[in-house]
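In this text, residue positions in the sequence shown follow the working numbering: the first is 5, and each later residue adds one. Idealized CB from N, CA, C, for every residue including glycine.
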Amino acid sequence: MDIKIVPLPTEKMKTKISDQSQLGFGKFFTDRMLVVEWKAGQGWCDARIEPYAPFVLDPACLVFHYAQEIFEGLKAYKWADGRIALFRPEMNARRFNQSGDRICLPAVPEELFLKGIEQLVSLERDWIPTADGTSLYIRPTLIAVEPVLGVKPSDHYYFYVILSPVGAYYAAGFNPINIMVEDHYVRAVPGGTGEAKTGGNYASSLKAGLEAKKKGYDQVLWLDGRERRYIEEVGAMNMFFAYGTHIVTAPLDGSILSGVTRDSVLKLAPTLGYTVEERQIDVNDLMADIRSGKVTEAFGSGTAAVITPVGKLCYKNESLQLTNGKVGEITQRLYDTLTGIQTGKLKDEFGWLRFVK
Ligand code: COI
């Protein structure tokens, strides 16, 4: 499918942020966006890259009422030699359609997903920040726009992609965050939407997140929805625990997100001399193992969060410190290696990068 490029009037061009240390996460957006529509009986149509602007949508649109939507997150990096690399975008294309299948959304052809992103990023290349720890965050989204109040799949959708120059996801940057294990609310249940990247999962996490914040914690670590016993994920990250050089993470059991960074850590860690294991982690065992010093480090992984060290974990009013509240050695090595590959400082032995022309 050809993508029409709608001219961008000079007066609509925004001023770029000159001080990249002020970027934060997801606060600024580039000049253009990709929009492709899907209509019943017609399929995908009207692909265009147009000036970034608000949508005019009917207040009755299904997405506003019944949350028929999904999204993705991936990043583009500008290398010192000027090349632009996307990190494992095929994984995002695949997961986008897996999420969409759960929410009854039409599949976006992988080629359209990838080519659309590449064309958009290529046009917006001047927006890619280059300071350490920065990148261009790419947010593909699919929303139901049929204006009707019946609960049913829409007959009209917008697939759109917006771009945001970003720094670190957490205000603290690459520094340990404090996490509270949530033992009342749950994020997902078997058979639910936990493994889909859909807005409702994030909306339902807000209350627990606010309550944790009031107690001085940055994020909530979810337990399984059946027994409230096994570690699942932090909404913005998958979680890893290091027992010496052995790194453990929860299995993909249908209720956690299949993280691209999670998968990358599982593949990267053995090349650095660590062993990895996907297994159920009982929160009581985990706390005992932190207490006794068997667990030496904890970190989260995610596209936005990259590799985020954990300094403190709290469960049922017991708060335990990890790595003396500092960044652990394994966490640091994984961060350096992953970001080294993404930014072209280290060789990509895995074939993870796709270059934008
Ligand atoms: C990402 O890591 O890309 C996400 O979508 C997580 C979101 C909470 C920012």
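query: Whether L38 touches L124 by CB criterion (8 Å); result: yes
query: Coil, strand or helix - A64 by DSSP; result: coil
query: Reduced DSSP category for F91 - H, G, I as helix; E, B as strand; rest coil; result: strand
query: Near the ligand COI: G4 beta-carbon under 7 Å from a heavy atom; result: A query on residue 4 cannot be resolved here, the shown segment of the chain reaching from 5 to 361 and no further.
query: Integer-rounded CB distance, given that E281 should sit under 8 Å from H250; result: 7 Å
query: Cβ-based neighbour list, P151, same chain, cut-off 7 Å, excluding 5 preceding and 5 following; result: D62, A64 and C65
query: Contact between the segment 138-146 and the segment 115-130 (3+ Cβ pairs under 8 Å); result: yes
query: Distance, I285 Cα to I334 Cα; result: 20 Å
query: Contact test: T414 Cβ vs the ligand COI heavy atom, cutoff 7 Å; result: Residue 414 lies beyond the residue range present for the chain, which begins at 5 and ends at 361; the question has no answer from this structure.
query: Beta-carbon proximity check, S262 vs R92, cutoff 8 Å; result: no
query: Other residues of its chain near A302: CB distance less than 6 Å, five sequence neighbours each side excluded; result: F245, V314 and L326
query: Between the CA atoms of S208 and V67 - distance to the nearest angstrom; result: 16 Å
query: Three-state class that DSSP yields for H69 in the structure shown; result: helix
query: Per DSSP, cross-strand counterpart(s) of L78; result: I142
query: Given Q24 as reference, the closest of D136, L324, Q102 and G204 once Cα atoms are compared; result: D136
query: Range covered by the alpha helix (DSSP H) that runs through S126; result: E114 to L127
query: Paired residues, beta bridge with I294 - DSSP; result: In the DSSP output, where bridge partners are listed per residue, I294 has none listed.
query: Same chain, Cβ closer than 8 Å to Y1, five either side skipped, listed in chain order; result: There is no way to answer for residue 1, as the model of the chain reaches only from 5 to 361.
query: Beta-carbon separation (whole angstroms), M241 vs A216, contact threshold 8 Å; result: Actually they are not in contact, since the Cβ atoms of M241 and A216 sit about 14 Å apart, beyond 8 Å.
query: For R36, three-class secondary structure by DSSP; result: strand
query: Any non-hydrogen atom of the ligand COI closer than 7 Å to Y81 Cβ; result: no
query: CB-CB length for I311 against L342, believed under 8 Å; result: 6 Å
query: A135 beta carbon near the ligand COI (any heavy atom closer than 7 Å); result: no
query: Alpha carbon of G30 to alpha carbon of K211, nearest angstrom; result: 21 Å
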